[in-house]
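Peer 1:
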Amino acid sequence: MKQDLQELLARLGENGDLVVREFRLRGTHPAAMVFFSSLVNLEQVREHVLKPLIAPYPVQPELPGDSGSIIHYLWSTVVEVTQGTACADLAELPPAAVKGELILLIDGVPEALRMEMRQIEMRGVEQPQTEQVIRGPREGYVEKLENNLSLLRYRLQSTDLRIETSPLGTRTQSRVALCYIDGIADSSLVAEAMRRISLIHTDGILDAGYIEQFIEDQPLSPFPQVQSTERPDKTAAALLEGRVAVLVDGSPFALIVPALFNQFFQTVDDYTERFIMGSLIRMIRLIALAFSLFFPALYVSVISFNPELLPTDFAVAISGGRAGVPFPAVLEVLIMEVSMEVLREATIRLPQMIGGALSIVGVLVIGQAAVGAGLASPITVVIVALTTIGSFATPAYNAAIALRMLRFPLIILAGMFGLYGVMIGTILILNHLLYLESFGVPYMTPYIPGNWRDLRDTLVRAPLWWMRRRPSFLHPRDPDRLSAGVPSRKVDGILRQGDGTDD
Amino acid sequence: MTKPRQITTLRAAAVISSTIIGVGILSFPRYMAEAGGSSAPLIALTGVLISFISYWLLASLCQRFPGETLFGFSRRLLGAPLATLFTILILLMFIALTGLTVRQFGDVATTVLYKKTPIEATIILMLLIGMLSTRRSVVKFSYIHFFYLPLIVGSILVTVLISLKNVELLNLQPVLMPPSPRFWNGARQASYLFQSSFIIVLLIPFMEKPGHAVRAGALAIFMSGVIYMLIVIASVGMFGAEETKLLIYPTLEMARSSAFGEGFLERLDALFIIIWVISVFTTIYTTGYLSAYLLQKLLRLRDRRMASSALLPVMFIVSMLPSNVFETYRWSLHLGQAGMILIPGYSLLLWGVHLVRGYRKKESS
């Protein structure tokens, strides 16, 4: 045992939190426990492992003389731990200790006992910061994988939920969990996701974002092809549609694939609220999206190339406002837009208390002063403000950034070629979107390749009882949300929906 | 997860009709009015029918070889040298067609919208986006067309419907005219617009139901035919035949004189031009795609990038050759005439060889 212990300690190296507790098992056999005090629950170690091992209870029988069965005896009758294994290979022990397991070595016994004692301090389940809802659950993921999986399992209490975990990252050994619902998710999609994850070779996976960059189809595209969410309910809904989710230990985000363009302006609110409200709000969000992409470019091109498009009174008002501004409209809009982006980035990085003050100073004071100083015309400020507000209304942060960044080339094209330039830019963006794929599904699905049934959940949100079928582009193995023969119509004001799980 | 036969009949129809609706929209009513005065819509209709016959010859031939494009099976029917010659001729035709289309587009854009922008810049930008996108696969090609078609058709319909309220029925009478050489000439000119329906030869090997190629074309030619007819009816009805003859871009004038929403948008012409950019793009995309594909097959290149990059300067030069608007129109009429002989002629030749060989096979068996 001495030799094994020394070897183990040599592998683990000098560490302040490494505990080596030597004792005598039942007062006779020399034994030692090795663990990291920072990873395990010390109280439990003392109460449920150390105490029963040391105490020579009068009622308990003697240790078996044969060394091979000691481990078995200890495991089955003495220690009070739920998970553990006997292990004869010394090389397996250091990684186990680093993961938070407790290792018990006994003199004269060739095997060691590994016991799962991991406990890591973790923040509680809180409302997700990036995806807030008016109506809907307030739970968000935390960093610990077990917690996240339990949040997910709580919502999908089905025996068909499959969670496959594997360690990833040669140094971090982060656990990655691939979740899907057996019987719904297309098996080739699951296989493809698994294949892409298994091809990742890197030393560290610190967040789900790392995985996203390895598995997405087109890394050069500005548009996100993997959806990341902080919400377990959103993940559950995606799994029920036949998608696959990936969770990583240490990350409060789940990745959902395949992710399509229209997913990025849908929120949980759309589904928890009644369908008319949901549809209206969804359309408003789409308008906001168009605002954030096109508004400044259209403004520039109309002002500098086609003022005849505007009603005369309005055109006069605009040119009156622009009288004191020395720059061409492109430059003016670019200056304002860039400063707006800087302001936005600064507000995010600052603590919340200062952030509010900064935005007031930035928007009100500087905006007003810029007009007064002749740096920008009032109408430009209005346009820039509308654009910025529009970009905040896109629910998915990464998609909003994509559109926000594409706005700048459009403004420059508008400055060079007017409406024609805007159109060329739009065609380029649209062509790119039409060409993109996420895990084999065209990105603009279901507009392209055109499926009437799937269009029910795009610009509008159809009533839930109309959406009896799962999205067909995911090739779900079970296409029906309801079991066969269950009426889903509204009968006497009561929505009778079958429980999809029992049949 | 991707299957090879993905293009549905509807999508094939969308490709054809968004290709057909193109640069011609703006000047089409003028030709028709020149040919037949107030019976211009009738001439347009005849032109549509003529072009459908030409399309039918080609598509029904291609349907007999559902797994191959025209350039594959023509080698077997005609032998390699003759097939190559015809392929080169078609390639030249489509290069010229792309060049002239983009030139007509550039002319409109510079004279109507951007008087200070050099025409070269407008043209090169349009050619660039057209040829950049030719690198995509045929399936993505059909996606792009399918996505833009509702935009194109919808906006044209809205413009036409708004201007229909200004139509004087008197301007459209008499509807009929005796079939004279002038009538047939006009009908033939109308059918030039439909020449790019040739794209079906590329689509057939990727269609879910290759047997529906004729149906797809019929749908497409019908749809775009209706659009063209409506435009002719609206502009001839609005301005009268004599004035339509004088306007270079009657459709644009039509959009210009219609207001929307009580002065909220005083003129629709710039908006119309914007959508028109898309419809020109889809046309150039198709002709450019065909040219790049043909060049790729001729030179047996592995990918289309090289072919489309090589074609870009050639098309640009072609588009800069005509010295003014009138020359451009004269050239495109000549080109249309050449195409009118080349495409149905080629399909008739192939039909003949195919039938003769079929008889021989029957006799020998």
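Heads up: the sequence lines are chains A and B, in that order. Our numbering applies: residue 1 is where the first sequence begins, and numbers increase by one. Our numbering applies: residue 1001 is where the second sequence begins, and numbers increase by one. Glycine included, every Cβ here is placed at the ideal spot set by N, Cα and C.
Could you give the distance in angstroms between the alpha-carbon of A/G367 and the alpha-carbon of B/L1271?
Peer 2: 32 Å
Peer 1: Short of 7 Å in beta carbon distance, which residues of its chain neighbour A/A112, apart from the five on each side in sequence? Order them along the chain.
Peer 2: C87, L93, I103, L104 and L105
Peer 1: Which residues in chain A have a C-beta closer than 7 Å to the C-beta of B/K1209? List them in chain order.
Peer 2: Simply none; closest approach about 15 Å.
Peer 1: Please tell me whether B/T1159 and B/L1247 are closer than 9 Å, where the distance is taken between their beta carbons.
Peer 2: no
Peer 1: Using Cβ-Cβ distances below 9 Å, what residues of the region 304-315 of chain A are close to chain B?
Peer 2: F305, N306, E308, L309, L310, P311 and T312
Peer 1: Please list, in chain order, the chain B residues whose beta carbon lies closer than 8 Å to that of A/Y447.
Peer 2: F1147
Peer 1: Could you tell me whether the region 204-224 of chain A touches the region 131-138 of chain A, using the rule of 3 or more Cβ pairs below 8 Å?
Peer 2: no
Peer 1: Roughly how many angstroms separate the alpha carbons of B/M1001 and A/L386, rounded to a whole number?
Peer 2: Because B/M1001 sits at a pLDDT of 43, beneath the cut-off of 50, its placement in the model cannot be relied upon, and the point is left open.
Peer 1: Give the C-beta separation of B/F1194 and B/I1221 to the nearest angstrom, bearing in mind that I take them to be a contact with Cβ-Cβ under 8 Å.
Peer 2: 6 Å
Peer 1: Just curious, the beta strand (DSSP E) that A/V142 is in, first and last residue?
Peer 2: Premise fails: A/V142 is in no beta strand (DSSP E) and is neither H nor E.
Peer 1: Is A/Q227 helix, strand or coil when you go by DSSP?
Peer 2: Reduced to three states, the DSSP call for A/Q227 is strand.
Peer 1: Could you check whether the Cβ of A/N431 sits closer than 9 Å to any Cβ belonging to chain B?
Peer 2: yes
Peer 1: I need the boundaries of the beta strand (DSSP E) containing A/R162, first residue and last residue.
Peer 2: L161 to L168
Peer 1: Would DSSP call A/H29 helix, strand or coil?
Peer 2: In this structure, A/H29 counts as strand in the three-state DSSP scheme.
Peer 1: List the residues of chain B whose Cβ lies closer than 8 Å to the Cβ of A/F417, in chain order.
Peer 2: Y1114, T1117, A1121, T1122 and L1125
Peer 1: Would a C-beta distance cut-off of 9 Å place B/S1038 and B/A1187 closer than the cut-off?
Peer 2: The answer is no: Cβ separation not under 9 Å.
Peer 1: Can you tell me whether A/E14 is buried or exposed? The criterion is at least 16 other CB atoms within 10 Å of its CB, across all chains shown.
Peer 2: exposed
Peer 1: To the nearest whole angstrom, what separates the beta carbons of B/M1250 and B/R1030, a pair I think is in contact under 8 Å?
Peer 2: A small fix is needed here, since residue 1250 of chain B is Pro in this sequence, not Met. Their Cβ separation, rounded to whole angstroms, is 5 Å, which keeps B/P1250 and B/R1030 in contact under 8 Å.
Peer 1: Between B/E1168 and the rest of its own chain, which residues show a CB-CB distance below 7 Å, the 5 nearest in sequence each way excluded?
Peer 2: G1237
Peer 1: What residue does the beta strand (DSSP E) around A/L343 start on, and which one ends it?
Peer 2: It is not in any beta strand (DSSP E) - A/L343 instead sits in the alpha helix (DSSP H) that spans A329 to R349.
Peer 1: Since A/M428 meets chain B, which of its residues come closer than 9 Å, beta carbon to beta carbon?
Peer 2: Inspection of the sequence shows that residue 428 of chain A is occupied by Leu rather than by Met. The answer, in chain order, is I1129, L1132 and S1133.
Peer 1: Within the same chain, show all residues whose beta-carbon is closer than 7 Å to that of A/L350, passing over the 5 residues directly before and after it, in chain order.
Peer 2: L358
Peer 1: Measuring only between beta-carbons, confirm whether B/Q1006 sits less than 9 Å from chain A.
Peer 2: yes
Peer 1: Could you work out which residues of chain A lie near B/R1357, taking near to mean beta carbons separated by less than 9 Å?
Peer 2: Around B/R1357, no beta-carbon contact reaches into chain A at under 9 Å, the shortest distance being about 37 Å.
Peer 1: What residue range is occupied by the uninterrupted beta strand (DSSP E) comprising A/A112?
Peer 2: A112 to E116
Peer 1: Tell me whether the region 114-122 of chain A and the region 249-260 of chain A touch, counting them as touching only if at least three CB pairs, one residue from each stretch, are closer than 8 Å.
Peer 2: no
Peer 1: Using DSSP bridges, identify the partner residues of A/D457.
Peer 2: A/R461
Peer 1: Going along the chain, which unbroken runs of the alpha helix (DSSP H) with 4 or more residues stay wholly within the region 1014-1049 of chain B?
Peer 2: 1028-1036
Peer 1: If we ignore side chains and look at the alpha-carbon of each, how far apart do A/V302 and A/L247 end up?
Peer 2: 47 Å
Peer 1: Across which residues does DSSP place A/D508 in a beta bridge pair?
Peer 2: Because residue 508 of chain A is not part of the residues shown, which for chain A are 1 to 503, the question remains open.
Peer 1: Indicate the three-state DSSP secondary structure (helix, strand or coil) for B/R1107 in the structure shown.
Peer 2: The displayed chain sequence assigns Asp, not Arg, to residue 1107 of chain B. Correct three-state label for B/D1107: helix.
Peer 1: Residue range of the alpha helix (DSSP H) that B/T1244 falls in?
Peer 2: Membership of B/T1244 in the alpha helix (DSSP H) is indicated by the continuous run A1241 to L1246.
Peer 1: Please report the distance separating the alpha-carbon of A/Q173 from that of A/I71.
Peer 2: Rounded to the nearest whole angstrom, the C-alpha separation of A/Q173 and A/I71 is 28 Å.
Peer 1: Taking DSSP as the reference, what is the three-state secondary structure of A/A259?
Peer 2: coil
Peer 1: In the DSSP output, which residue or residues are listed as bridge partners for B/M1207?
Peer 2: B/I1007
Peer 1: Does chain B have any CB closer than 9 Å to the CB of A/Y435?
Peer 2: Interface criterion met: the Cβ of A/Y435 is under 9 Å from a Cβ in chain B.
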